[in-house]
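In our numbering, the protein residues as written are 8 to 310.
In structure tokens form, the structure reads like this:
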């Protein structure tokens, strides 16, 4: 068994008790020699499992993705080689939804903490400066993509009094709408004060949020992306932010990661960039790491 990225120590130990587990990053000189005899491969965020890799893994029977998205795993190529693919689709739903709420509050509720006494005049000045222009309950949240995370975000937003609408290419059962209203894409973009993106990385979603997309949005839009970096046209978003200084973009995912010098959104005062940390809770990391159970199940059933 070959593990290319970090898992929780408990999950790694559990798997190591059942098979020979070797931890080796893909840029390690030993990697492809180890891959030749590996029956299982456990990956996280940045390992690409494509046809070229599979051709160098003749004994591979299962790939375990400790996470949600499978965009770095060529599922068709795996199927053709009878390689099972397992992942943890609901492992980080709560963590990402909480992160979206944190971004919302950071963007709408100015606040600070005091570490020393101040006089009455300064006290009063601070209280005047830190008045939020809106409460969340006065804003309309648009959810683009009503899957696991999108529906959880909608549920949280409705619970704190926001008006919530969503758009999805699939028909969403009433029980999963959590009081949000279905909307066309045009309506969602034109009427949303806040837009939270939760669409996947299928080919038709690449650069989905492009110049035409942003042209339909409010000039004061708060745009949040915790889904996939490739769904946003960075140049188009940068132009939108420059043309609309009251708009903001809060981006946790990027294409590529890490982004290089010259990334179009760097240096824009209304673009706030974080290093792919929406799922960064100990609980979510543990949940994702336990993909090892499914990996071992596949190997055991075929033994």
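Note that beta-carbon positions come from the ideal geometry of N, C-alpha and C, so glycine has one too.
The structure displayed is predicted, hence computed values, not measured ones.
Only residues of its own chain outside the window of five on either side were considered, and among them 8, 9, 64, 66 and 67 have a CB closer than 7 Å to the CB of residue 45, listed in chain order.
Per the coordinates, the alpha-carbon of residue 121 lies some 26 Å from the alpha-carbon of residue 107.
Within its own chain, the residues whose Cβ lies closer than 8 Å to the Cβ of residue 147, once the five positions on either side in sequence are excluded, are 169, 170, 171, 172, 198, 199, 200 and 201, listed in chain order.
Of the other Cβ atoms in all chains shown, fewer than 16 fall within 10 Å of the Cβ of residue 284; this residue is therefore exposed. Only residues of its own chain outside the window of five on either side were considered, and among them 117, 118 and 119 have a CB closer than 8 Å to the CB of residue 137, listed in chain order.
As DSSP reads the structure, residue 91 sits in a beta bridge with 69.
When the Cα atoms are used, residue 287 and residue 77 turn out to be separated by approximately 18 Å.
In the DSSP annotation of this structure, the continuous segment of the beta strand (DSSP E) that includes residue 279 starts and ends at 278-280.
A distance below 6 Å between beta-carbons, with the five flanking residues on each side excluded, links residue 38 to the following residues of its chain, in chain order: 31.
Under the Cβ criterion (8 Å, minimum of three pairs), the region 229-241 counts as touching the region 261-271.
Look at residue 216 here: in three-state DSSP terms it is strand. If you check the CB distance, residue 279 and residue 248 do not come in under 7 Å. Judged by DSSP in its simplified three-state form, residue 172 adopts strand. Per DSSP, residue 204 is one residue of the beta strand (DSSP E) stretching across 201-204. Going by beta carbons, residue 305 and residue 69 fall inside the 7 Å limit. In the DSSP secondary-structure assignment, residue 189 is bridged to 173. For residue 109, no beta strand (DSSP E) encloses it; the enclosing alpha helix (DSSP H) starts and ends at 100-115.
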